[in-house]
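In what follows, a single structure is set out as structure tokens and then discussed.
Protein chains: 2
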Amino acid sequence: MMNYIEVLTDKQLEALEKQFEELASGVQEILPVGEFKAKLAKSIALGKPLKVKLGLDPSAPDVHLGHTVVLNKLQRFQAYGHRIQLIIGDFTGKIGDPTGKSEVRKQLTDEEVKRNAETYFKQFGKVLNMDAVELHYNSSWLSELNFEDIVRLAGKITVARMLERDDFEKRLAVGKPVSLHEFFYPLMQGYDSVVLESDIELGGTDQHFNVLMGRHLQEHYGKEKQVVITMPLLEGLDGVEKMSKSKANYIGIDDTPADMYGKTMSIPDELMVKYFKLLTNLPVEKINDIELSLNDGRLHPRDAKMLLGRILVAMYHDHSAAEQAESTFKSVFQKGILPEIIPSVSWEGSLQIGILDLLVELKLQTSKSEARKMIKNGGIRLNGEKVADDNLLVTIEDGMVVQVGKRKFVELKVNQIK
Amino acid sequence: MMNYIEVLTDKQLEALEKQFEELASGVQEILPVGEFKAKLAKSIALGKPLKVKLGLDPSAPDVHLGHTVVLNKLQRFQAYGHRIQLIIGDFTGKIGDPTGKSEVRKQLTDEEVKRNAETYFKQFGKVLNMDAVELHYNSSWLSELNFEDIVRLAGKITVARMLERDDFEKRLAVGKPVSLHEFFYPLMQGYDSVVLESDIELGGTDQHFNVLMGRHLQEHYGKEKQVVITMPLLEGLDGVEKMSKSKANYIGIDDTPADMYGKTMSIPDELMVKYFKLLTNLPVEKINDIELSLNDGRLHPRDAKMLLGRILVAMYHDHSAAEQAESTFKSVFQKGILPEIIPSVSWEGSLQIGILDLLVELKLQTSKSEARKMIKNGGIRLNGEKVADDNLLVTIEDGMVVQVGKRKFVELKVNQIK
Numbered sequence: 000m001m002n003y004i005e006v007l008t009d010k011q012l013e014a015l016e017k018q019f020e021e022l023a024s025g026v027q028e029i030l031p032v033g034e035f036k037a038k039l040a041k042s043i044a045l046g047k048p049l050k051v052k053l054g055l056d057p058s059a060p061d062v063h064l065g066h067t068v069v070l071n072k073l074q075r076f077q078a079y080g081h082r083i084q085l086i087i088g089d090f091t092g093k094i095g096d097p098t099g100k101s102e103v104r105k106q107l108t109d110e111e112v113k114r115n116a117e118t119y120f121k122q123f124g125k126v127l128n129m130d131a132v133e134l135h136y137n138s139s140w141l142s143e144l145n146f147e148d149i150v151r152l153a154g155k156i157t158v159a160r161m162l163e164r165d166d167f168e169k170r171l172a173v174g175k176p177v178s179l180h181e182f183f184y185p186l187m188q189g190y191d192s193v194v195l196e197s198d199i200e201l202g203g204t205d206q207h208f209n210v211l212m213g214r215h216l217q218e219h220y221g222k223e224k225q226v227v228i229t230m231p232l233l234e235g236l237d238g239v240e241k242m243s244k245s246k247a248n249y250i251g252i253d254d255t256p257a258d259m260y261g262k263t264m265s266i267p268d269e270l271m272v273k274y275f276k277l278l279t280n281l282p283v284e285k286i287n288d289i290e291l292s293l294n295d296g297r298l299h300p301r302d303a304k305m306l307l308g309r310i311l312v313a314m315y316h317d318h319s320a321a322e323q324a325e326s327t328f329k330s331v332f333q334k335g336i337l338p339e340i341i342p343s344v345s346w347e348g349s350l351q352i353g354i355l356d357l358l359v360e361l362k363l364q365t366s367k368s369e370a371r372k373m374i375k376n377g378g379i380r381l382n383g384e385k386v387a388d389d390n391l392l393v394t395i396e397d398g399m400v401v402q403v404g405k406r407k408f409v410e411l412k413v414n415q416i417k
Numbered sequence: 000m001m002n003y004i005e006v007l008t009d010k011q012l013e014a015l016e017k018q019f020e021e022l023a024s025g026v027q028e029i030l031p032v033g034e035f036k037a038k039l040a041k042s043i044a045l046g047k048p049l050k051v052k053l054g055l056d057p058s059a060p061d062v063h064l065g066h067t068v069v070l071n072k073l074q075r076f077q078a079y080g081h082r083i084q085l086i087i088g089d090f091t092g093k094i095g096d097p098t099g100k101s102e103v104r105k106q107l108t109d110e111e112v113k114r115n116a117e118t119y120f121k122q123f124g125k126v127l128n129m130d131a132v133e134l135h136y137n138s139s140w141l142s143e144l145n146f147e148d149i150v151r152l153a154g155k156i157t158v159a160r161m162l163e164r165d166d167f168e169k170r171l172a173v174g175k176p177v178s179l180h181e182f183f184y185p186l187m188q189g190y191d192s193v194v195l196e197s198d199i200e201l202g203g204t205d206q207h208f209n210v211l212m213g214r215h216l217q218e219h220y221g222k223e224k225q226v227v228i229t230m231p232l233l234e235g236l237d238g239v240e241k242m243s244k245s246k247a248n249y250i251g252i253d254d255t256p257a258d259m260y261g262k263t264m265s266i267p268d269e270l271m272v273k274y275f276k277l278l279t280n281l282p283v284e285k286i287n288d289i290e291l292s293l294n295d296g297r298l299h300p301r302d303a304k305m306l307l308g309r310i311l312v313a314m315y316h317d318h319s320a321a322e323q324a325e326s327t328f329k330s331v332f333q334k335g336i337l338p339e340i341i342p343s344v345s346w347e348g349s350l351q352i353g354i355l356d357l358l359v360e361l362k363l364q365t366s367k368s369e370a371r372k373m374i375k376n377g378g379i380r381l382n383g384e385k386v387a388d389d390n391l392l393v394t395i396e397d398g399m400v401v402q403v404g405k406r407k408f409v410e411l412k413v414n415q416i417k
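In order, the protein sequence lines correspond to chains A and B. Residue numbers for the first sequence follow numbering that gives the first Met the number 0, so the first one is 0 and each next one is one higher. Residue numbers for the second sequence follow numbering that gives the first Met the number 0, so the first one is 0 and each next one is one higher.
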């Protein structure tokens with residue numbers, strides 16, 4: 000590749016540096032940094048956008064803020080005019096796990112793939128301008144490959160290289176089975192980059208091996224090699240574990256404004272700057288400023304967290320929802336009273352019901368045993384009064400307020416005809 | 000599988016034992032023996048032939064007696080009415096080596112595959128009844144597989160299992176590259192057995208892993224598992240190394256009767272019984288008898304070897320050629336005179352020619368340097384007289400006899416018009 004940096008004007012060089020700084024902010028690694036700068040320079044010199052790829056697993060469409068780390072980075076690329084390539088990995092999704100052993104890789108129908116993809120796109124629309132995004136389903140090229148093509152593809156990589164992948168190495172070392180077909184997933188993901196001639200591929204740090212595969216295969220197919228950018232994994236609300244659904248330490252992007260705001264207020268102070276960097280699209284200098292102000296005491300952590308909460312709610316809902324969430328939060332937690340707005344639920348069930356059944360029925364608790372624990376911990380209130388007895392038989396009344404923990408409230412509307 | 004042994008009549012049981020003894024004779028391993036007997040019993044009970052598979056590499060059609068070890072075993076199966084499945088592995092042949100690194104796996108055209116296959120069949124016809132053989136080209140089913148089929152195929156086997164293959168393990172251990180596509184060759188060979196529903200697969204001991212793969216895959220595709228029979232590798236004329244073209248210790252099945260007979264006479268005595276077992280279709284009791292007679296001195300090794308020579312020449316030429324080869328051999332080596340029949344060659348070259356050029360021109364030596372060595376060793380004679388000078392200018396005469404070593408003779412016929 001020609002070195003375009005040398006042909007840039009001073010103004011273009013300045014633009015290059017700014018773009019580089021923004022795009023490199025908060026990333027885990029850029030491989031290799033030199034090529035990344037060269038690609039940006041070429042894009043500026045020729046006025047041609049870069050193709051920035053992100054592969055998506057079609058089996059898990061529920062998006063939480065942990066997932067938006069890469070989306071936010073994509074959004075910054077988009078803001079600089081680059082072209083986003085979203086690839087739905089439907090080909091593997093439709094195969095599922097041929098050994099039948101993996102719960103995670105269950106076989107999806109065309110219908111499910113489509114529905115999951117749409118769920119993604121709807122959620123992604125909160126961060127990206129979806130009109131300017133290329134959407135691809137990798138089955139459209141992978142299903143066209145025959146055995147000969149695949150043997151040639153597999154011929155581009157050595158077994159030793161494949162065995163370097165962390166999870167393969169670890170599983171083999173302890174004698175856990177690695178099925179041979181698993182070697183194909185990185186190959187497929189890499190081949191997607193060959194077909195799409197991607198300039199850059201983004202992924203979480205757990206995707207390090209797979210995204211490098213794209214670079215390797217592009218080279219062997221005589222294409223310009225993509226630059227690999229990995230993003231750090233985001234710790235969840237507990238500040239320790241990776242944000243994940245199963246750990247219940249997540250903020251979902253479909254969470255209500257009140258939940259999203261409240262959960263944001265609960266993150267450890269040390270995580271705040273990382274959240275600003277990875278989850279918002281504030282300019283780098285603004286984030287640097289927040290960090291400095293926190294460090295020298297000009298900014299109170301609570302106030303910074305409230306700003307973060309407002310930004311996040313505004314991103315995934317809107318500004319007025321953000322204001323509302325903030326004022327609700329203030330009234331509940333700073334003044335100790337019930338929030339002004341409590342969601343109401345129309346109650347059509349029995350008017351005499353055990354407290355455990357009630358909590359599960361209202362979806363305030365996922366199971367009776369969870370509900371029992373919560374009562375034991377003093378986390379359940381009816382009309383403001385703590386419930387102590389998990390055998391309590393509740394008589395439902397119109398307007399009754401059920402409260403779980405500090406932030407979840409429901410007001411019951413009883414259907415009078417019943 | 001039902002146990003058919005229990006339903007056999009006494010006569011059938013006797014037939015089973017005889018078949019088993021013949022077919023198990025001389026093999027390296029039968030995996031598992033019990034299933035082999037059960038399959039034979041089923042075949043006898045139902046009057047249904049077994050399907051006995053042999054896979055062939057289409058890139059090396061020159062057959063020597065080392066290759067006929069499996070052919071002879073197939074011939075015995077055929078003699079008991081079983082069905083032979085010959086599979087030309089043309090699919091891999093046409094792919095070649097996608098890394099471009101292997102000299103052995105060069106890419107073959109359709110034309111070459113067809114020509115090589117025909118060469119095989121012509122040569123195999125000397126051992127097998129080719130009219131009763133099924134011929135298959137595995138490209139006919141392998142080229143139909145798509146990526147999804149292949150992922151499912153690969154899902155049937157673990158990486159750990161694949162790494163157990165001797166040569167993979169050794170190469171990885173010393174850091175030599177194993178290209179990922181090489182994992183496919185055993186899978187393909189195994190899948191052939193799934194498609195053809197083979198009952199038995201034959202191979203050399205070096206095929207142990209690959210033929211077991213067929214058994215493994217059949218099980219995973221819900222088929223009856225094939226029994227694996229491997230044949231020992233045949234040592235060449237030197238009695239030490241595996242018979243191979245590159246070691247020049249082989250008897251080619253297209254060798255002249257005189258060469259074939261003479262080479263047979265040169266094998267070490269210790270190898271003789273093995274050669275009888277693996278290369279002839281003498282009944283087991285006859286071979287046992289030869290072995291006993293050799294051991295107690297009733298049979299002279301030279302006489303046994305002459306019998307072996309006659310049998311081999313008769314197999315690959317005919318009985319009169321065998322008689323002729325034997326009497327020629329006797330007259331040369333037992334009486335020390337020129338053989339009765341010397342092949343004549345019409346000489347159309349220059350009538351004055353250097354001895355080195357002459358030997359190469361007549362294809363009696365492969366190169367001038369080889370010819371020079373042979374002269375130095377006293378191995379070249381003209382009309383019975385030893386040639387000492389490798390610069391000798393020979394004046395060609397009609398009827399001139401050129402002799403190389405002990406067994407190669409050529410009589411020159413000079414075109415008189417020239």
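In this text, a Cβ means the ideal position worked out from N, Cα and C, and glycines have one as well.
Of all Cβ atoms in chain A, is any one closer than 8 Å to the Cβ of residue 215(B)?
Counted from its first residue, the second sequence places residue 215(B) at position 216. Closer than 8 Å: no.
Quick one: list the residues of chain A neighbouring residue 316(B), beta-carbon separation under 9 Å, in chain order.
In the second sequence, the residue the question calls residue 316(B) occupies position 317. Near residue 316(B) there are no residues of chain A at all, since even the closest Cβ is about 41 Å away, more than 9 Å.
Helix, strand or coil at residue 234(A) according to DSSP, with G and I counted as helix:
For the purposes of this step, residue 234(A) is identified with residue 235 of the first sequence, where counting begins at 1. Looking at residue 234(A) - three-state DSSP - the assignment turns out to be strand.
By Cβ distance, which residues of its chain are closer than 7 Å to residue 351(B), with the 5 residues on each side in sequence left out?
On the second sequence, position 352 is the one that residue 351(B) refers to. The answer, listed in chain order, is 392 and 394.
The beta strand (DSSP E) with residue 54(B) in it runs from where to where?
In the second sequence, residue 54(B) corresponds to position 55, counting from 1. Unbroken beta strand (DSSP E) run through residue 54(B): 50 to 55.
Using a Cβ cut-off of 8 Å (strictly closer), state whether residue 417(A) contacts chain B.
Taking the first residue of the first sequence as position 1, residue 417(A) is located at position 418. Reliability fails at residue 417(A), whose pLDDT of 39 lies under 50, so the model's placement of it is uncertain and the value that follows must be treated cautiously. No, because no Cβ of chain B sits closer than 8 Å to the Cβ of residue 417(A).
Taking Cβ positions only, does residue 151(A) come closer than 8 Å to chain B?
As a working note, residue 151(A) is residue 152 in the first sequence. Yes, residue 151(A) lies at the interface with chain B (some Cβ there is under 8 Å from its Cβ).
Whole-angstrom distance between residue 382(A) and residue 371(A), CA atom to CA atom
In the first sequence, residue 371(A) corresponds to position 372, counting from 1. In the first sequence, residue 382(A) corresponds to position 383, counting from 1. Answer to the nearest angstrom: the Cα atoms are 19 Å apart.
Taking buried to mean at least 16 other C-beta atoms within 10 Å of its own C-beta, is residue 34(A) buried or exposed?
Position 35 of the first sequence holds residue 34(A). Buried: at least 16 other Cβ atoms inside 10 Å.
Per DSSP, what are the beta-bridge partners of residue 409(B) in this structure?
In the second sequence, residue 409(B) corresponds to position 410, counting from 1. BP columns for residue 409(B) point to 401(B).
Using a cut-off of 9 Å between C-beta atoms, extract the partners of residue 179(B) located in chain A.
Here residue 179(B) is taken as the residue at index 180 of the second sequence, counted from 1. Within 9 Å Cβ-Cβ: 152, 153, 154, 155, 156, 157, 158, 160, 161, 182 and 186.
By how many angstroms is the C-alpha of residue 256(A) removed from the C-alpha of residue 318(A)?
Here residue 318(A) refers to the residue found at position 319 of the first sequence. Here residue 256(A) refers to the residue found at position 257 of the first sequence. Roughly 10 Å between the two C-alpha positions.
On the DSSP bridge list, what partners appear for residue 384(B)?
The sequence position of residue 384(B) within the second sequence is 385, counting from 1. 381(B).
Is it buried or exposed for residue 434(B), if we count other Cβ within 10 angstroms and need 16 for buried?
Because chain B here runs from 0 to 417, residue 434(B) falls outside it and cannot be looked at.
Please confirm if residue 87(B) has its CB atom under 8 Å from at least one CB of chain A.
For this step, residue 87(B) is matched to residue 88 along the second sequence. Chain A, which has no Cβ nearer than 8 Å to the Cβ of residue 87(B), makes this no.
Which residues of chain A have a Cβ atom closer than 7 Å to the Cβ of residue 171(B), listed in chain order?
The count along the second sequence starts at 1 and reaches residue 171(B) at position 172. What residue 171(B) touches in chain A: 158 and 159.
Where does residue 417(B) sit, in a helix, a strand or coil, going by DSSP?
Within the second sequence, the letter at position 418 stands for residue 417(B). For residue 417(B), the predicted model reports a pLDDT of 40, less than 50, meaning its position is unreliable and no value from the coordinates is stated.
Taking its Cβ as the centre, do 16 or more other Cβ atoms sit within 10 Å of residue 93(A), making it buried, or is it exposed?
Position 94 of the first sequence, counted from the first residue, corresponds to residue 93(A). The residue is buried, with at least 16 neighbouring Cβ atoms inside 10 Å.
For residue 416(A), count the other beta carbons within 10 Å of its own beta carbon; 16 or more makes it buried, fewer makes it exposed. Which is it?
By 1-based counting over the first sequence, the position of residue 416(A) is 417. In this predicted model, residue 416(A) has a pLDDT of only 48, less than 50, meaning its place in the structure is not dependable; the value taken from the coordinates is given anyway. Residue 416(A) should be labelled exposed.
Beta-carbon separation (whole angstroms), residue 6(A) vs residue 37(A), contact threshold 8 Å:
By 1-based counting over the first sequence, the position of residue 6(A) is 7. By 1-based counting over the first sequence, the position of residue 37(A) is 38. About 12 Å; that fails the 8 Å criterion.
Beta-carbon contacts of residue 75(B) that lie in its chain and below 7 Å, excluding the five residues immediately before and after
In the second sequence, the residue the question calls residue 75(B) occupies position 76. The answer, listed in chain order, is 21, 22 and 280.
Measure the Cβ-Cβ separation of residue 170(B) and residue 208(B) and say whether it is below 8 Å.
The count along the second sequence starts at 1 and reaches residue 170(B) at position 171. The count along the second sequence starts at 1 and reaches residue 208(B) at position 209. Not a contact, by the Cβ cut-off of 8 Å.
Report all residues from its chain with a CB closer than 6 Å to the CB of residue 86(A); omit the five preceding and five following residues, and keep chain order.
Against the first sequence, residue 86(A) aligns to sequence position 87. Cβ neighbours of residue 86(A) beyond the five flanking positions: 54, 135, 137 and 191.
I'd like to know if the stretch 175 to 186 of chain B and the stretch 196 to 212 of chain B are in contact, where contact means that at least 3 CB-CB pairs between them fall below 8 Å.
yes
Find the nearest neighbour of residue 243(A) within the set 18(A), 11(A), 64(A) and 8(A), judged by alpha-carbon distance.
Your numbering for residue 243(A) matches position 244 in the first sequence. Here the closest residue by C-alpha is 64(A).
Whole-angstrom Cβ separation of residue 131(A) and residue 77(A), contact assumed at under 8 Å?
One-based indexing of the first sequence puts residue 131(A) at position 132. One-based indexing of the first sequence puts residue 77(A) at position 78. Right, the Cβ-Cβ distance comes to about 6 Å (below 8 Å), so this counts as a contact.
Does DSSP put residue 310(A) in a helix, in a strand, or in coil?
Start at 1 with the first residue of the first sequence, and residue 310(A) comes out as number 311. Here residue 310(A) sits in helix by DSSP.
Are the stretch 395 to 405 of chain B and the stretch 352 to 369 of chain B touching, with three or more C-beta to C-beta distances below 8 Å?
yes
Are residue 262(A) and residue 236(A) close, meaning C-beta to C-beta below 8 Å?
Taking the first sequence and counting its residues from 1, the one referred to as residue 262(A) is at position 263. Taking the first sequence and counting its residues from 1, the one referred to as residue 236(A) is at position 237. A contact, by the Cβ cut-off of 8 Å.
Within 10 angstroms of its Cβ, does residue 301(B) collect 16 or more other Cβ (buried), or is it exposed?
Stepping through the second sequence from its first residue, residue 301(B) is reached at position 302. Exposed is the call here.
Can you name the start and end residues of the alpha helix (DSSP H) that residue 366(B) belongs to?
Taking the second sequence and counting its residues from 1, one reaches residue 366(B) at position 367. Unbroken run through residue 366(B): none, as it is neither H nor E.
Which of helix, strand or coil does DSSP assign to residue 1(B)?
Here the question's residue 1(B) lines up with position 2 in the second sequence. If DSSP states are grouped into helix, strand and coil, residue 1(B) belongs with coil.
Start-end ranges of the beta strand (DSSP E) lying completely within the stretch 226 to 282 of chain B, minimum 3 residues:
226 to 230
In this structure, does DSSP put residue 79(B) in helix, strand or coil?
Along the second sequence, read from residue 1 onward, the residue named residue 79(B) stands at position 80. Correct three-state label for residue 79(B): coil.
Assuming residue 203(A) is part of the beta strand (DSSP E), what are its boundary residues?
Your numbering for residue 203(A) matches position 204 in the first sequence. It spans 199 to 203 - the beta strand (DSSP E) in which residue 203(A) sits, taken as one unbroken run.
Determine, using beta carbons only, whether residue 146(A) comes closer than 8 Å to chain B.
Mapped onto the first sequence, residue 146(A) falls at position 147. Closer than 8 Å to some Cβ of chain B, the Cβ of residue 146(A) qualifies, so yes.
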